[in-house]
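Peer 1:
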Amino acid sequence: MDDEYAKLIRRMNPPRVIIDNDYCEDATVIQVDSVNKHGILLEVVQVLTDLNLVITKAYISSDGGWFMDVFNVIDRDGNKIRDEAIISYIQKTLESDTFFVPSSRGSVGLKPSEDYTSIELAGTDRPGLLSEVCAVLTDLHCNVVNAEIWTHNARAAAVVHVTDGTTGCAIEDPKRLSTIKKLLCNVLKGNNDLKTAKMTLSPPGFTHRERRLHQIMFADRDYEKVGRAEEENIEDKSSRPDVNVLDCIERDYTVITMRSKDRPKLLFDIVCTLTDMQYVVFHGVVHTGRMEAYQEFYIRHVDGLPMSSEAERERVIQCLEAAIERRASEALELELYTEDRVGLLSDITRIFRENSLCIKRAKISTEGGKAKDTFYVTDVTGNPVDPKTIDSIRQQIGHTGHTVLHARWKSSASAKPPQKKMMSYLFGDFFSTRRLQNFMSIRTYS
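Going letter by letter, the sequence shown gives residues 1 to 446 in full-length UniProt numbering.
(1) Bridge partners of residue 291, per DSSP?
(2) Express the C-alpha separation of residue 305 and residue 252 in angstroms, rounding to a whole number.
(3) If you run the structure through DSSP and keep just helix, strand and coil, what is residue 61?
(4) Specify the secondary structure class of residue 147 as computed by DSSP and reduced to three states.
(5) Helix, strand or coil for residue 309 per DSSP?
(6) Near residue 376, which residues of its chain fall below 6 angstroms by C-beta distance, leaving aside the five closest residues on each side in sequence?
(7) Which term fits residue 14, buried or exposed, when burial requires 16 or more other beta carbons within 10 angstroms of its beta carbon?
(8) Below 7 angstroms CB to CB, which residues in the same chain sit around residue 47 once its five sequence neighbours on both sides are set aside?
(9) Give me whichever residues DSSP pairs with residue 408 in a beta bridge.
(10) Express the C-alpha separation of residue 326 and residue 247 in angstroms, rounding to a whole number.
(11) From 388, 120, 302, pick the residue whose C-alpha is nearest to that of residue 254; which is it?
(12) Which residue or residues does DSSP assign as beta-bridge partners of residue 121?
(13) Are residue 53 and residue 32 closer than 8 angstroms when you measure CB to CB?
(14) Do residue 350 and residue 131 have their C-beta atoms within less than 8 angstroms of each other?
(15) Taking C-alpha atoms, which residue in 25, 35, 24 lies nearest to residue 17?
(16) Which word fits residue 116, buried or exposed, when buried means at least 16 other C-beta atoms lie within 10 angstroms of its C-beta?
(17) Quick check on residue 166: buried or exposed, where buried means 16 or more other Cβ atoms within 10 Å of its Cβ?
(18) Could you say which of 297, 135, 155, 160 lies nearest to residue 146 if we only look at CA atoms?
(19) Once you ignore the five residues that flank residue 282 on each side, which residues in its own chain have a CB closer than 6 angstroms to its CB?
(20) Taking Cβ positions, are residue 285 and residue 300 nearer each other than 8 angstroms?
(21) If you compare alpha carbons, which of 19, 135, 158, 264 is closest to residue 348?
(22) How many angstroms separate the CA atom of residue 217 from the CA atom of residue 402?
(23) Say the cut is 7 angstroms; is the CB of residue 186 nearer than that to a heavy atom of the ligand COA?
(24) With 16 other CB atoms within 10 Å as the buried threshold, where does residue 182 fall?
Structure representation (structure tokens):
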């Protein structure tokens, strides 16, 4: 009965999306008004980030039964969104009655689809792990068509889409899937891994790949520190995100503030983690500068209560720090463009391993017979890669008109934190009265 009532309310109050390129000088303003439901903020942010849009500012309010969000967005080149196809897609997607991103908290495993088989992996990170995984898949005549790999805090997670190397179709034979599971689990366990990867056939349904990676690493407890803070050097401490959890007794909220180096998809990573930890964002502001991002959220648990214990606060801080750090890399970014073939990823990762490179993150994609792979790498000690090593890799891969390898350094070191610890309580000294007036005026124009 409650579900039917919620559907009726939604039909009577359909979502409304307003996209304005005139209001703000340096960004496109997107306003979303809708009936409130758990996870709607994540759904909206997910749509924008999947289009490679950068959220520079945001105002969030979802008290009562109504949700209102305002985003200032730009493209990766820093320009307003002028493409009518993208604008139309945003509007139609967010206003659709069927718009919903289902949650999946199932175990790590194998999931066949019509086009490919999705393999989810988790284990202890070590040099050469991805190479070993790719070698096993190649020996089993599996072709990797898409993949994303994250490492954090000595743990590794991956979502890999494979097809049969001969037919190009999804792998559905139960015996073959069982063999894949057995061999990959052996690779993931290594010699001394006490955490055994669980690989089973996942239930039907689709989960956003990057959200799934957050869920896998969260389930693998990558947020638990492998070393104590006092054992870290000063430079490491200063580069970590600054997350604070405080009580707002007057309104019965928990207030979370975060400072970290700005980067694409930062807001998605934070909201994804809060949502999957069963917290609801009632109010929030997001502001990004040239180097640093500031986020502040007023939250409660889904049961309507704020955080009640110091242990819960500490766990939330650890999980948000992990969410920020998983995608951040002090590494050399290597972009490879080449003709796709069965075993390509196995060969590339083997070359990396033989040149003593550690893969911190990777994103693999293929389309139309072409492969576009991005790797974030360091040497085995975690330090920058020697340029001579990259020259050697280029020679081994074959730097031709059909194969191109670009290299550039990516740093996630945070801007120097300010002396004053800022706690703005939503619209204090950080978001001035004038900014608030600007946000509120956006709400009323149409």
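Note that beta-carbon positions come from the ideal geometry of N, C-alpha and C, so glycine has one too.
Peer 2: Result, derived from the coordinates:
(1) Counted from its first residue, the sequence shown places residue 291 at position 291. None; residue 291 has no bridge partner.
(2) Position 252 of the sequence shown holds residue 252. Position 305 of the sequence shown holds residue 305. Each residue's alpha carbon lies about 8 angstroms from the other.
(3) Along the sequence shown, read from residue 1 onward, the residue named residue 61 stands at position 61. The answer is strand: DSSP assigns residue 61 an E or B state.
(4) Sequence index remark: in the sequence shown, residue 147 carries index 147 (1-based). DSSP places residue 147 in strand when its eight states are reduced to three.
(5) For the purposes of this step, residue 309 is identified with residue 309 of the sequence shown, where counting begins at 1. Here residue 309 sits in coil by DSSP.
(6) What you label residue 376 is simply residue 376 of the sequence shown in a count that begins at 1. For residue 376, where only same-chain residues beyond five positions count, the Cβ hits under 6 angstroms are 329, 331, 333, 360, 361.
(7) For the purposes of this step, residue 14 is taken as the residue at position 14 of the sequence shown. Classification for residue 14: exposed.
(8) If you number the sequence shown from 1, residue 47 lands on position 47. Around residue 47: 90, 93, 94.
(9) Within the sequence shown, residue 408 is the residue found at index 408, counting from 1. The partner list for residue 408 (beta bridge, DSSP) reads 333.
(10) Within the sequence shown, numbered from 1, the residue matching residue 247 stands at position 247. Within the sequence shown, numbered from 1, the residue matching residue 326 stands at position 326. The alpha-carbon atoms of residue 247 and residue 326 are separated by roughly 27 angstroms.
(11) As a working mapping, residue 254 is identified with position 254 in the sequence shown. Here the closest residue by C-alpha is 302.
(12) Here residue 121 refers to the residue found at position 121 when the sequence shown is read from its first residue. In the DSSP output, where bridge partners are listed per residue, residue 121 has 158.
(13) Residue mapping note: residue 53 aligns to position 53 of the sequence shown, counting from 1. Residue mapping note: residue 32 aligns to position 32 of the sequence shown, counting from 1. No, these two residues do not count as a Cβ contact at 8 angstroms.
(14) Start at 1 with the first residue of the sequence shown, and residue 350 comes out as number 350. Start at 1 with the first residue of the sequence shown, and residue 131 comes out as number 131. The answer is yes: Cβ separation under 8 angstroms.
(15) For this step, residue 17 is matched to residue 17 along the sequence shown. Checking every option, the nearest Cα to that of residue 17 belongs to 35.
(16) Position 116 of the sequence shown holds residue 116. Result: buried.
(17) By 1-based counting over the sequence shown, the position of residue 166 is 166. When all chains shown are included, residue 166 counts as exposed.
(18) Translated into the one-based positions of the sequence shown, residue 146 becomes position 146. Comparing Cα positions, the closest option is 160.
(19) Reading the sequence shown from its first residue, position 282 is the one you call residue 282. Answer for residue 282: 62, 63, 298, listed in chain order.
(20) Locating residue 285 in the sequence shown gives position 285, counting from the first residue. Locating residue 300 in the sequence shown gives position 300, counting from the first residue. In this structure, residue 300 does not lie closer than 8 angstroms to residue 285 by Cβ.
(21) Residue numbering aside, residue 348 sits at position 348 when the sequence shown is read from its first letter. For residue 348, the nearest C-alpha among the options comes from 135.
(22) Counting from one through the sequence shown, the residue named residue 217 turns up at place 217. Counting from one through the sequence shown, the residue named residue 402 turns up at place 402. Cα to Cα, the separation comes out at about 36 angstroms.
(23) This structure does not include the ligand COA; it has no bound ligands of any sort.
(24) Start at 1 with the first residue of the sequence shown, and residue 182 comes out as number 182. By the 10 Å Cβ count, residue 182 comes out exposed.
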